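**Student:** Please find one structure pasted underneath; my questions will follow.
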Amino acid sequence: MNPLGTSTSNGDDQVIRNHRRKLRWFTLPALTALWLGLVGIGMSAMWKYQTTPGEFTQPPRQWPANSQIERNTNRATLVMFAHPHCPCTRASINELALIMAHCAGKLDARVLFFKPTDFPKNWEQTDLWFSAEDIPDVKVFGDRDGSEAKRFHAKTSGYTLLFDSEGQLLFRGGITGSRGHAGENVGRSAIESILISGASGAGQTFTFGCPLLGKKDTCDKEHQ
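Under the working numbering, the sequence shown is numbered contiguously, ending at residue 224.
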């Protein structure tokens, strides 16, 4: 029997144990770092998504003469364009409710939901439609193929315009601080300042939402 056999075997076992111990100490921090990295990437992507505004447009400064939307000639009229299947727009509807409550008697509002002609009947009448319909002094309409949205150059769900009694543009943009986020924001504050304090108009903010004239699956993909 080789007198070195036992010592060599024991030595190999010790090497293996030391290797495994080092591997454990290496693996745990590595996995932790990987997990934190993936979480960071996910949060960064989510933040970018929530804070990336929709396409910027220049709406008409005077109420379009060929618009079929009823405009109040005695007080301001607010127009919001919405996609009925955009989850982000729920926050815009909530903010609209606050504006109408804070500025009661100072404006009327119209919410127009995109309605493709080749889609099933009542496709546009989602919970967003009925939520908007429940707000005092708000009238809700279907915008067939986005004809009115095109007249007012609206391209993002939640896009909001405010006109005075003479049809002059006072405000354009969104009334949420980010996608799907209800709460204090520059857009709502600007509209309320114009209506309550008589602040100068022509204010503008970013609009956060899904593409206005997209089909339902467009919004679904946006939120995956």
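In this text, a Cβ means the ideal position worked out from N, Cα and C, and glycines have one as well. In this text, all values refer to a predicted model and were calculated from it rather than measured experimentally.
Could you pull the start and end residues of the beta strand (DSSP E) that residue 108 belongs to?
**Tutor:** Numbered from 1 along the sequence shown, position 108 holds the residue referred to as residue 108. Its beta strand (DSSP E) spans residues 107-115.
**Student:** Is residue 143 helix, strand or coil when you go by DSSP?
**Tutor:** Your numbering for residue 143 matches position 143 in the sequence shown. Residue 143: strand per DSSP, three-state reduction.
**Student:** Might you give, ordered along the chain, the residues of its own chain that have their beta carbon closer than 7 Å to the beta carbon of residue 91, omitting 5 neighbours on each side?
**Tutor:** By 1-based counting over the sequence shown, the position of residue 91 is 91. Excluding residues within five positions, the ones whose Cβ falls inside 7 Å are 176, 180, 181 and 182.
**Student:** Could you check the C-alpha separation between residue 107 and residue 78 for me, to the nearest Å?
**Tutor:** What you label residue 107 is simply residue 107 of the sequence shown in a count that begins at 1. What you label residue 78 is simply residue 78 of the sequence shown in a count that begins at 1. Looking at the two C-alpha atoms, the distance is approximately 7 Å.
**Student:** How is the alpha helix (DSSP H) around residue 89 delimited, first residue to last?
**Tutor:** Taking the first residue of the sequence shown as position 1, residue 89 is located at position 89. It spans 89-102 - the alpha helix (DSSP H) in which residue 89 sits, taken as one unbroken run.
**Student:** What does the alpha-carbon distance come out to for the pair residue 209 and residue 101?
**Tutor:** Here residue 209 refers to the residue found at position 209 of the sequence shown. Here residue 101 refers to the residue found at position 101 of the sequence shown. If you take the alpha carbons of residue 209 and residue 101, they lie about 23 Å apart.
**Student:** Closest to residue 207 by C-alpha separation, out of 158, 171 and 152, would be which residue?
**Tutor:** Walking along the sequence shown from the start, residue 207 turns up at place 207. The shortest Cα separation from residue 207 among 158, 171 and 152 belongs to 158.
**Student:** Who are the Cβ neighbours of residue 124 in its own chain at under 6 Å, not counting the five residues just before and after it?
**Tutor:** In the sequence shown, counting from the first residue as 1, residue 124 sits at position 124. Excluding positions up to five away in sequence, the list reads 84, 113, 115 and 142.
**Student:** Let me know the secondary structure DSSP gives residue 190 once reduced to three states.
**Tutor:** The residue given as residue 190 occupies position 190 in the sequence shown. Residue state, collapsed to three classes: helix.
**Student:** Rounded C-beta distance between residue 137 and residue 97? I'm assuming under 8 Å.
**Tutor:** Translated into the one-based positions of the sequence shown, residue 137 becomes position 137. Translated into the one-based positions of the sequence shown, residue 97 becomes position 97. About 11 Å separates the two Cβ atoms, so there is no contact after all.
**Student:** Sort 117, 111 and 186 by Cα distance to residue 130 and report the nearest one.
**Tutor:** Here residue 130 corresponds to residue number 130 of the sequence shown, with the count starting at 1. Looking at the Cα atoms, 111 is the closest of the given residues.
**Student:** Residue 193 to residue 199, Cα distance in whole Å?
**Tutor:** Walking along the sequence shown from the start, residue 193 turns up at place 193. Walking along the sequence shown from the start, residue 199 turns up at place 199. Taking the straight line from one Cα to the other gives about 6 Å.
**Student:** So what's residue 157 in DSSP terms, helix, strand or just coil?
**Tutor:** Within the sequence shown, numbered from 1, the residue matching residue 157 stands at position 157. Reduced to three states, the DSSP call for residue 157 is coil.
**Student:** Nearest chain C C-beta to residue 56 closer than 8 Å, yes or no?
**Tutor:** Checking the listed chains, one finds no chain C in this structure; it contains a single protein chain.
**Student:** Starting from the C-beta of residue 151, find all residues in its chain whose C-beta is less than 7 Å away, skip the five residues before and the five after it, and write them out in chain order.
**Tutor:** Taking the sequence shown and counting its residues from 1, the one referred to as residue 151 is at position 151. Same-chain partners within the cutoff: 64, 66 and 67.
**Student:** How big is the Cα-Cα spacing for residue 205 and residue 120?
**Tutor:** Residue mapping note: residue 205 aligns to position 205 of the sequence shown, counting from 1. Residue mapping note: residue 120 aligns to position 120 of the sequence shown, counting from 1. Using only the alpha carbons, I get a separation of about 34 Å.
**Student:** Is it right to say residue 197 is buried, meaning 16 or more other beta carbons lie within 10 angstroms of its own, or is it exposed?
**Tutor:** Taking the sequence shown and counting its residues from 1, the one referred to as residue 197 is at position 197. Residue 197 is exposed by the Cβ-count criterion.
**Student:** Where does residue 82 sit, in a helix, a strand or coil, going by DSSP?
**Tutor:** Locating residue 82 in the sequence shown gives position 82, counting from the first residue. Of the three classes helix, strand and coil, the one that applies to residue 82 here is strand, per DSSP.
**Student:** Return the bridge partner residues of residue 172 from the DSSP annotation.
**Tutor:** Within the sequence shown, the letter at position 172 stands for residue 172. BP columns for residue 172 point to 161 and 204.
**Student:** Give me the DSSP bridge partner(s) of residue 178.
**Tutor:** As a first step, residue 178 must be located in the sequence shown, where it is residue number 178. Bridge partners of residue 178: 181.
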